[in-house]
Amino acid sequence: MVQLHVKRGDESQFLFNTTVDVSIETLSQQISAVYNGRLKVDRICSEIPELADHGISLPTNMQGLTDDQIMELKLKDEWEDRCIPSGGAEFKKDEIGRRNGHAPNEKMKDVLRKTMEEAKAVISNKQVRANVCVTMDMVKEALDQLRGAVMIVYPMGLPPHDPIRMEFENQEDLTGTQASLQVIPDEDAQLWWASKELQRGKKLQDYVGKNEKTKIIMKIQKRGQGAPAREPLVGEDEQKQMMLHYYKRQEELKKLEEVDDDTHLQSNWSDRQDLKRQFQGLTNIKWGPR
């Protein structure tokens, strides 16, 4: 299997196994699916703590309003009585005004938070250091675990306007958000290796050869953003080793300088003739009138 170290820019994303016989079009679809799937898991995980602390999302026409404004406009959240967390709710007001404040109890919060941490670990770029390859099945399993945890806490489901439910149903609207800049649609995905764009219509072996044990760094880029920056000649780990070696060498040189210090030669005790002069009474002799 060919192991791809997928990056976007200089940031590591994940490891991916494939074969040299795969077409670039298929490979682009597979890598962009994993890449965007990891982003979806991350977006859901960023909302889970808010759900655990402040309950379900308010309708869009009520978000950001004060209690007085809601009363004045005679607005009512029809989902408040439908979406009650298992085991009852504990009120904790959302100061931002995005969620209704009816949070799950501590036991249910633990279910959400524990599942969130497990899902984040699956899609973490730390998997690269652990030499763990990420697959689409792993991403789907992380999504299923998150969906299951939400169903445990909210058996009746979340309101359709809640961003977590919208993510699960692929109805999320990322327009105007920073998250929208990270997503790379399959049709806009470009793969780069060794400063070359891998052209759809060719196979991976047309670029890297037929050795199935090849390991390469591949970069994913959005069409129209130009070529990504070249990889540095010295890797991050090698650079750290070089800096450590340089530091140790500097410390060794400092110690050698201390050992070679000859300022003591100017001291009286190091003068071989000083003791003889003391016996002869020739020390502290001064010339000139007193």
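The numbering used here numbers the first residue of the sequence shown as 521 and each following residue consecutively.
Ideal Cβ placement from N, Cα and C applies to all residues, glycine included.
If you're wondering where the values come from, they're calculated on a predicted model, not measured in any experiment.
Whole-angstrom Cβ separation of residue i and residue j, contact assumed at under 8 Å?
i: Leu585; j: Gly617; result: 6 Å
i: Val546; j: Met521; result: The sequence given here places Thr at residue 546; Val does not occur at that position. Incorrect: roughly 15 Å between the Cβ atoms, too far for contact.
i: Lys560; j: Glu687; result: 6 Å
i: Glu815; j: Ile684; result: Outside the displayed span of the chain (521 to 810) sits residue 815, for which this structure offers no information.
i: Val648; j: Ala662; result: Going by Cβ atoms, the distance from Val648 to Ala662 rounds to 17 Å, so no, they are not a contact pair.
i: Asp706; j: Gln549; result: 5 Å
Using the Cα positions of residue i and residue j, report the straight-line distance between them to the nearest angstrom.
i: Val542; j: Ser552; result: 15 Å
i: Cys653; j: Glu637; result: 19 Å
i: Gln770; j: Met763; result: 11 Å
i: Leu524; j: Glu692; result: 30 Å
i: Gly726; j: Leu718; result: Rather than Gly, the amino acid found at residue 726 in this sequence is Asp. Straight-line Cα distance between these residues: approximately 9 Å.
i: Leu678; j: Ile576; result: 7 Å
i: His681; j: Ile737; result: 40 Å
i: Trp713; j: Glu751; result: 10 Å
i: Thr697; j: Ser532; result: 22 Å
i: Lys660; j: Asn556; result: 12 Å
i: Leu593; j: Thr695; result: 28 Å
i: Val728; j: Lys735; result: 10 Å
i: Phe611; j: Gly668; result: 24 Å
i: Asp614; j: Val526; result: 39 Å
i: Leu711; j: Asp562; result: 22 Å
i: Asp588; j: Glu600; result: 18 Å
i: His765; j: Ala747; result: 34 Å
i: Phe534; j: Lys775; result: 44 Å
i: Arg602; j: His622; result: 12 Å
i: Arg558; j: Lys723; result: 25 Å
i: Arg633; j: Lys760; result: 35 Å
i: Tyr767; j: Leu773; result: 10 Å
i: Phe536; j: Ala749; result: 21 Å
i: Glu758; j: Asn690; result: 42 Å
Which same chain residues, not among the five before or five after residue i, have their C-beta less than 7 Å away from its C-beta?
i: Lys730; result: Val540
i: Ile590; result: Met582
i: Ser700; result: Leu694
So which of the options has the shortest CA-CA distance to residue i?
i: Asp708; options: Ile736, Arg743, Tyr727, Glu687; result: Arg743
i: Ala626; options: Arg720, Asp587, Val673; result: The sequence as given places Glu at residue 626; Ala does not occur at that position. Nearest of Arg720, Asp587, Val673 to Glu626, Cα basis: Val673.
i: Ile604; options: Arg528, Arg558, Val670; result: Val670
i: Leu579; options: Ser566, Glu567, Lys596, Ile568; result: A quick correction: the sequence has Pro, not Leu, at residue 579. Of Ser566, Glu567, Lys596, Ile568, the residue nearest in Cα terms is Lys596.
i: Pro624; options: Gln583, Pro675, Gln647, Asn645; result: Pro675
i: Val631; options: Leu666, Arg602, Val659, Gln647; result: Leu666
i: Lys629; options: Pro748, Gln550, Asp573, Ser548; result: Asp573
i: Glu598; options: Lys775, Asn620, Asp757; result: Asn620
i: Asp530; options: Leu776, Asn645, Asp664, Arg633; result: Asn645
i: Thr655; options: Val554, Arg797, Lys796; result: Val554
Taking only three categories from DSSP, how would you classify residue i?
i: Val634; result: Per the sequence presented here, residue 634 reads as Lys, with Val not at that position. If DSSP states are grouped into helix, strand and coil, Lys634 belongs with the helices.
i: Ser715; result: coil
i: Ser606; result: coil
i: Ser644; result: coil
i: His622; result: strand
i: Met676; result: coil
i: Lys774; result: helix
i: Met671; result: helix
i: Arg720; result: strand
i: Met521; result: coil
i: Met738; result: strand
i: Ala709; result: strand
i: Asn581; result: coil
i: Arg528; result: strand
i: Gln665; result: helix
i: Thr538; result: strand
i: Gln691; result: coil
With a threshold of 6 Å on Cβ separation, who are the neighbours of residue i within its own chain once the five nearest residues in sequence on each side are excluded?
i: Lys640; result: Cys565
i: Pro569; result: none
Does the beta carbon of residue i fall short of 7 Å from some heavy atom of the ligand FMN?
i: Asn581; result: The model on display carries no ligand, and the ligand FMN is accordingly not part of it.
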